Every structure is written in C-alpha cells, then in structure tokens.
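Asker: Numbering (the working numbering), first residue to last: 24 to 345.
Sharing a structure below in structure tokens format, with a few things to ask.
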C-alpha cells in the first residue's frame, strides 16, 4: 500500500477558459460536474482508509463551481482531512477577488496556480505572480505550475511573473506541454522532450473524474477510451479500498510510478517511426496514451512483466514497499 493516500477529485470539467493545450478538453460549454452526493461519499471513504489522506481538488476550473468547491472543502474540514487546490488563477486579476479567494483557502496544504502561454492570453502572468506573493504573505503553501513549450525562456517567464526573491522563484515549477487532450491540434514543434527516465508522480494519485470514473493517475488515463489498466471503475459501485488493492498489485501502474511511462513504452516497442508516435513518446502522458490503447495491451503487459524485478527493487528504494 502507499505510505499515505492522495486522492484527486475533479469537481468539474467546466472552465471559464478553453485553452489550446488543455488535457481535459475543458471550456464554458462543458458542464460535466461531480454530484454532491458523490463528493461526500468519496471523502467519507477516504477518511475510513486513511485519516491523514490529502484530497486534491481540480477541474476544469474549481472556482468556476465555487459553491461546490466550498461545500467540498467544508466536508474535508469536518472529516479532519487535508486538501489542496489547483486553479487557473483567473480570479487573481481583480485585487478584491484575489483576497477573497486566498482567504477562503488559508488552511490548504497547497495552492497550485497554473500558468503558460495559452492561459496567458486571458490571465496576465503578473496576476498569477501577485496571487503567489499574496498567498505566501498569508502563510499559504503556494506554487506556480508553468507548462512551457519548446524554446521558451524560463528567466523571462519568471521576470514577467514579477517574482523577485529566491523563495518566490523557487516556487515556479516547470513542466513541458504534452500532446494529449486538445493539444493534439498543436504543431509538433512546441512539444519538448522529457527526461528519459523519470518516475511519474501523477501515478501516486487515485483520481476521480467529474463523471465518477476512478483512474490510476491524474493525467491521460482519464481520457483514453475503453477499458484499460488504469481505469478502476465508478464511484457508485467500486469501493475505494478495492481500488487501493488493485493499484498495489497493478504492475503496469507500478512500472509507470517507478520507472516512468516513457521507459515502459520504449520497452514495449510502442514508440515507432511515425511522427505521431515519436511526439507522443517525448512525454509521460503521451507515452501513457500509447501504453493504454487496447491494441497495445499485450505488449504493455509483457514489457511490464520483464521489468518486474527492477520495479519491485525501486518500490522498496523509493517508497519502502515490498
């Protein structure tokens, strides 16, 4: 079992923005939102499994369904769990609203502010920088998660965010855009190459989509069609305790979690010579897209089995698991 339980709850797929690179296909036209009854059931189950668990609220845009978010946070507080929030920060453009939002999440374990050139067409970088600075002043553990395209200047990005101290600058976490979701329409030149060997931290999270579906990560697994190794059922009829047992025994997930999706896709021979496969193979989510296709299931399983001993050794090293 994982040392501490982390559960992602996608409250909605709706969003006030419709960014070109969005992995969740979110926009104002998308209305899929998690039912309050499911929210309560999820949190109560999590409490029974691990009283010290962390709930990560995501979207879409969580502050686009503010009443639901505040309801969910209220339940977390009532149950004594901890929580984090990921947001596009569009509320940060207005100083008064910025303070209202920040004061509503003073006890958040982490506030993640998304930024990139696509969000930047609607939300100025300086507004995100101000949200970070004011959050830190209030004692909120905040970070900016910047999704970069190939060739972007990191120093210029930090400058445009208006961050001046070393502490502020250290809170900008960079990760490349990946060819999944709406980003499949972008030119291939924008997608950077990720490190060859990198454990996928997203695979440490049990993710519940706003449809009620339960998945093995907070990334591409939620949007690959059909049944696959990281799809664990629906919250209405699949107990989360069973999901945790499945995750613990799921060799594909554990390989992604320890070695990474790229090495597994390469070991399975799934990164071919086509332009699409080459671009997908540059990133974790793109590689996972290849791994989870029904046509690739046997190759994925065979490669994971060959890597089993190495994966078990790394699980012991990284997580203290046997």
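By construction, the Cβ of each residue, glycine as well, lies at the ideal position given by its N, Cα and C atoms.
Since this is a predicted model, take the numbers as computed values, not measurements.
1. Residue 191: which of 166, 33, 130, 136 sits nearest, CA to CA?
2. Take residue 289 as the anchor and find which of 305, 274, 298, 280 has the nearest alpha-carbon.
3. Would you be able to state if there are at least three C-beta pairs under 8 Å between the region 242–257 and the region 290–297?
4. Quick check on the DSSP output: the beta strand (DSSP E) that includes residue 139 runs from which residue to which?
5. DSSP three-state call for residue 250: helix, strand or coil?
6. Does the region 170–190 come into contact with the region 132–146, if we say contact requires no fewer than three beta-carbon pairs (one atom in each stretch) closer than 8 Å?
7. According to DSSP, is residue 43 helix, strand or coil?
8. For the alpha helix (DSSP H) containing residue 230, list its first residue and its last residue.
9. Please classify residue 346 as buried or exposed, where buried requires at least 16 other C-beta atoms within 10 Å of its C-beta.
10. Would DSSP call residue 203 helix, strand or coil?
11. Give me, in chain order, the residues of the same chain whose beta-carbon lies closer than 8 Å to that of residue 246; leave out the 5 immediate sequence neighbours on both sides.
12. Which two residues bound the contiguous beta strand (DSSP E) that contains residue 165?
13. State the start and end residues of the unbroken beta strand (DSSP E) segment that holds residue 106.
14. Which partner residues of residue 50 appear in the DSSP bridge assignment?
15. Around the C-beta of residue 230, are 16 or more other C-beta atoms found within 10 angstroms, so that it is buried, or is it exposed?
16. In this structure, does DSSP put residue 195 in helix, strand or coil?
17. On the premise that residue 94 lies in contact with residue 37, defined as a C-beta separation below 8 Å, what is that separation, rounded to the nearest angstrom?
18. Identify which residue in 261, 209, 333 has its Cα closest to the Cα of residue 280.
19. Of the choices 275, 284, 112, whose alpha-carbon is the least far from that of residue 321?
20. Just the Cα atoms here: how many angstroms apart are residue 267 and residue 65?
21. Please check the pair residue 163 and residue 125, which I expect to be a contact at CB under 8 Å, by giving their CB distance rounded to whole angstroms.
22. Out of curiosity, what's the CA-to-CA distance linking residue 160 and residue 344?
23. Using C-beta distances below 6 Å, list every residue in its chain close to residue 256, excluding the 5 sequence neighbours before and after it, in chain order.
24. For the putative contact between residue 148 and residue 184, defined by C-beta atoms under 8 Å, what is the C-beta separation to the nearest angstrom?
25. Compare the beta carbon distance of residue 80 and residue 61 with 8 Å and say whether it is the shorter of the two.
26. Assuming residue 81 is part of the beta strand (DSSP E), what are its boundary residues?
27. Could you have a look at residue 258 and say whether DSSP puts it in helix, strand or coil?
28. Residue 239 by DSSP, collapsed to three states: which one?
29. Hey, how far is the Cα of residue 213 from the Cα of residue 286?
30. Would you list the one or two residues that DSSP bridges to residue 56?
31. Any idea which residues DSSP pairs residue 29 with across the strands?
32. Ordered along the chain, which non-local residues of its own chain (more than five positions away) have a Cβ less than 6 Å from that of residue 316?
33. Apply the 10 Å Cβ neighbour rule to residue 51 and answer buried if 16 or more other Cβ atoms are within range, or exposed otherwise.
34. Quick check: the Cα distance between residue 138 and residue 40, rounded to an integer number of angstroms?
35. Using the beta-carbon count (16 or more within 10 Å), is residue 232 buried or exposed?
Answerer: Straight from the coordinates:
1. 166
2. 305
3. no
4. 133–139
5. coil
6. yes
7. coil
8. Counting along the chain, residue 230 falls outside any alpha helix (DSSP H), though it belongs to the beta strand (DSSP E) covering 229–231.
9. A query on residue 346 cannot be resolved here, the shown segment of the chain reaching from 24 to 345 and no further.
10. coil
11. 46, 47, 48, 203, 204
12. 165–171
13. 105–110
14. 37
15. buried
16. strand
17. No, residue 37 and residue 94 are not in contact; Cβ-Cβ is about 16 Å, not under 8 Å.
18. 333
19. 275
20. 13 Å
21. 6 Å
22. 38 Å
23. 237
24. 5 Å
25. no
26. 77–81
27. coil
28. coil
29. 22 Å
30. 35
31. 77
32. none
33. exposed
34. 12 Å
35. buried
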